[in-house]
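Protein chains in written order, with this note's numbering: chain Y, 9 to 259; chain Z, 1363 to 1979. Shown next, in structure tokens, is the structure this report addresses.
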């Protein structure tokens, strides 16, 4: 009986966590931040995340609060999370770059092929949500143009609409591709940030294997595969090794 | 006389006679007894039967004697009766520093793998003649027999040291003063003072020594500082400053008054009217210093062995500059002490500057009371980025021996306003390390206060209702458009299709017409239009001519189309009824008309429904 009541209360409580409530917590967290009570701000932001709501702003603000608290690893983690949702935001890029300066590891990334680089930076012009809007607009427009092309009998207009169909079909396909890619990127969880001050990276997932190199807090690593509590990581410069899961947090 | 014999013997002494090689290695001195102010000439002679002699003798240990000059090398080759003999001699001029019996050790010569040694020579150094009591106006006859032996009292050197226990690297002023009662015509330094483990900075001395009168033990002397130097010990411990030796030409009065008869040539040229010139070696004693190490306590990390008293000053030649224009930062350290050892204190600037190696200038003033001067470091800085750039304070540390404390000097920080130059920077200086960039980095950007929207974590875009609606609705719209368009097209092109589709509409039109006639109660016209509506409908449906409508033919066609027999029969019967009633002689019955109108209307609709369902099958 007690339990049922408790669950009932929890349900009501959960239900009451509507968007407006989330907004209120968010505002109070921001107030803490402005008053330079960063730890309290962090607690409030985390409270929101625990309800399951998220957006780019909260991750960005949380990253800022951690930055002010001096935990660079966490700051970078949340900036990266924010960047996934709103990749085009300048503030995030600025603060992330700033936080990255504190990383002890100086890794020179292997350069990507130019067209891949161009494509990636193009997809990051907008957030996945905005790409969705672009795609929907183009899609609806394409359909309307097709309908118009069917109905309208005037030859001149028909010819014009014919060309328009090709154009909008191409754009729609492109935006769909980008949309799918950016959502794929958004839902990829194979990047992680090192949380420990210093981690020795081993050659194999065993305790007594050779120490290859060490990584420090804040360094971004790519997860290649996992083996129980061990994770194989690769750095931007191509170095590969194994570390235990508890040293990193997935973006 | 005995001494003289020994002397002659020594000069002629053949120390070593070697068989075969015919080499002789001898050592000789010009006198065996000498006083402190006399010099001793030590000569090593190598005589050989062959013309070429090589190798230099190693100096023996000389206790109580100091080398003033030498070796002076002289070589001679002689041919006697066809025999060649050559000799080589190395002579040294020594001065005694101690009184007593001294031994000149064996000199060693390595020649053709053989070792030759000289025999040691004993020399006796005696004090000069018994001190003379100063006598007022003694008669000339009572003038001492040998005034030269008394010269050590008349002319001597004294050394003054300002401190005996200096700190390491602290300057010690050593001055040498010449005291004389006789006239010194000229003097020359034959051996400057040296010290190992220290470096010496000499003061500039005036061309003519400044003479002053001093009284020592009641005797007045003419005195002059002839040499002054600053000694900087490089390490702690005992330090010995080797003696200074000067050679002075002094004028000595004639020992005896001369009568005219006493004239002799030799002494005439010696006489110089007032006295004769005598060359004398004067030795200033060596100085022993006990150098103290610098205290460890309170020693700053930046301390770099600079001892003395200094001031620090730094400035830039301008504070407003364009990018890529040079600014010079001048650091000036001035004061007294070991200026030569001063290193650049180093500057700290942000990575926005390009920095070059400093130009170092050293000015030392040797003529003052102390060795003073300044060291100037000039750094050329080229700002690469615009903005207000800070040059961190410059820190310099020295040890002040007076207060026995370390002093740290700092300058104020300097701000340089850098305005963007005309030419834009092509690239960010590439050699910046991360640490340098950190200085440039300002604070992070402020948080976001108004989020656009909240999403549930893990939401997929395709689960969004608006998204799904916007995807599906245009598809439906497109489908409808396509169907509608094909219908329109068929109507325009296919007569059968159009008749089929328009059949109901046409029939209804006619039915309406017949309804009008029904109201007018004109029986004939009513049945005519009703019948034509029914016939027209079925003709439209079957795409046949309305004219020449044959019931049997139609029935057959309907059967072919698999129309339900009952419906088709009912339909045809209705047509027949219409035709019959049209010409029937009976009175017009409104009731019947209404009934048949209703019936035919229902039948048409029923047929349409049935016919369309057949088409779908």
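From the three backbone atoms N, C-alpha and C, an ideal C-beta is built for every residue, glycine too. Remember, predicted model here, so these are calculated numbers, not experimental data.
- At a cut-off of 7 Å between C-beta atoms, residue 1838 (chain Z) does not count as an interface residue with respect to chain Y.
- The alpha-carbon of residue 1919 (chain Z) is positioned some 18 Å away from that of residue 1978 (chain Z).
- With a threshold of 7 Å between beta carbons, residue 90 (chain Y) makes no contact with chain Z.
- Remark: C-beta atoms of residue 1455 (chain Z) and residue 1401 (chain Z) approach each other more closely than 7 Å.
- Within the same chain, Cβ atoms closer than 7 Å to the Cβ of residue 1680 (chain Z) are found at 1689, the five residues on either side in sequence being excluded.
- Contact between residue 1448 (chain Z) and residue 1410 (chain Z) holds, since their C-beta atoms are separated by about 6 Å, short of 8 Å.
- DSSP, read as helix, strand or coil, puts residue 1805 (chain Z) in coil.
- For residue 62 (chain Y), the closest Cβ of chain Z is nearer than 7 Å.
- Distance from the CA of residue 1431 (chain Z) to the CA of residue 1722 (chain Z), rounded to the nearest whole angstrom, comes to 38 Å.
- With a 10 Å radius around the Cβ and a threshold of 16 neighbouring Cβ atoms, residue 68 (chain Y) comes out buried.
- Contacts between residue 1832 (chain Z) and chain Y, judged by CB atoms closer than 7 Å, involve 144, 148 in chain order.
- Sequence-distant Cβ neighbours of residue 1859 (chain Z) in its own chain, meaning closer than 6 Å and more than five residues away, are 1852.
- Going by C-alpha positions, residue 1924 (chain Z) is about 44 Å away from residue 1832 (chain Z).
- The residue from Z:1965, Z:1437, Z:1599, Z:1429 with its alpha-carbon nearest to that of residue 1458 (chain Z) is Z:1429.
- When Z:1706, Z:1780, Z:1929 are compared, the shortest CA-CA separation from residue 1741 (chain Z) is found for Z:1706.
- Partner residues in a beta bridge of residue 119 (chain Y), as assigned by DSSP, do not exist.
- In this structure, the beta-carbon distance from residue 46 (chain Y) to residue 65 (chain Y) does not fall below 7 Å.
- In this model, residue 1465 (chain Z) and residue 1655 (chain Z) are separated by some 37 Å (Cα to Cα).
- Taking a Cβ-Cβ threshold of 8 Å, the residues of chain Z close to residue 34 (chain Y) are 1813, in chain order.
- Its Cα nearest to that of residue 240 (chain Y), the residue Y:200 stands out among Y:148, Y:200, Y:176, Y:167.
- It is roughly 24 Å from the alpha-carbon of residue 226 (chain Y) to the alpha-carbon of residue 37 (chain Y).
- For residue 233 (chain Y), the uninterrupted beta strand (DSSP E) run begins and ends at 228-235, by DSSP.
- Ranked by how close their Cα comes to the Cα of residue 1536 (chain Z), the residues Z:1963, Z:1423, Z:1557, Z:1593 have Z:1593 in first place.
- Straight-line spacing of the CA atoms in residue 1582 (chain Z) and residue 1546 (chain Z) works out to 15 Å.
- The continuous alpha helix (DSSP H) containing residue 1939 (chain Z) extends over residues 1927-1945.
- With a 10 Å radius around the Cβ and a threshold of 16 neighbouring Cβ atoms, residue 1670 (chain Z) comes out buried.
- In summary, residue 1879 (chain Z) is buried, with 16 or more beta-carbon neighbours lying within 10 Å of its beta-carbon over all protein chains present.
- Assignment of residue 1480 (chain Z) by DSSP, reduced to helix, strand and coil, places it in the coil class.
- With a cutoff of 7 Å on beta-carbon distance, residue 1468 (chain Z) and residue 1433 (chain Z) are scored as not near each other.
- For residue 68 (chain Y), the chain Z residues whose Cβ falls inside 8 Å of its Cβ are 1809, 1810, in order along the chain.
- Around residue 198 (chain Y), the same chain offers 230, 231 as residues with beta carbons nearer than 7 Å, after the five sequence neighbours per side are excluded.
- Apart from the 5 residues on each side of it in sequence, residue 1902 (chain Z) sits with its Cβ closer than 7 Å to the Cβ of 1861, 1862, 1864, 1865, 1868 in its chain, given in chain order.
- At a beta-carbon threshold of 7 Å, the residues of chain Z lying near residue 159 (chain Y) are 1843, 1847, ordered along the chain.
- With contacts defined as CB atoms closer than 7 Å, residue 1943 (chain Z) and residue 1899 (chain Z) fail to qualify as a contacting pair.
- Within the same chain, Cβ atoms closer than 7 Å to the Cβ of residue 1666 (chain Z) are found at 1705, the five residues on either side in sequence being excluded.
- In this structure, Z:1733 is the residue among Z:1708, Z:1748, Z:1733, Z:1675 with its C-alpha nearest to the C-alpha of residue 1701 (chain Z).
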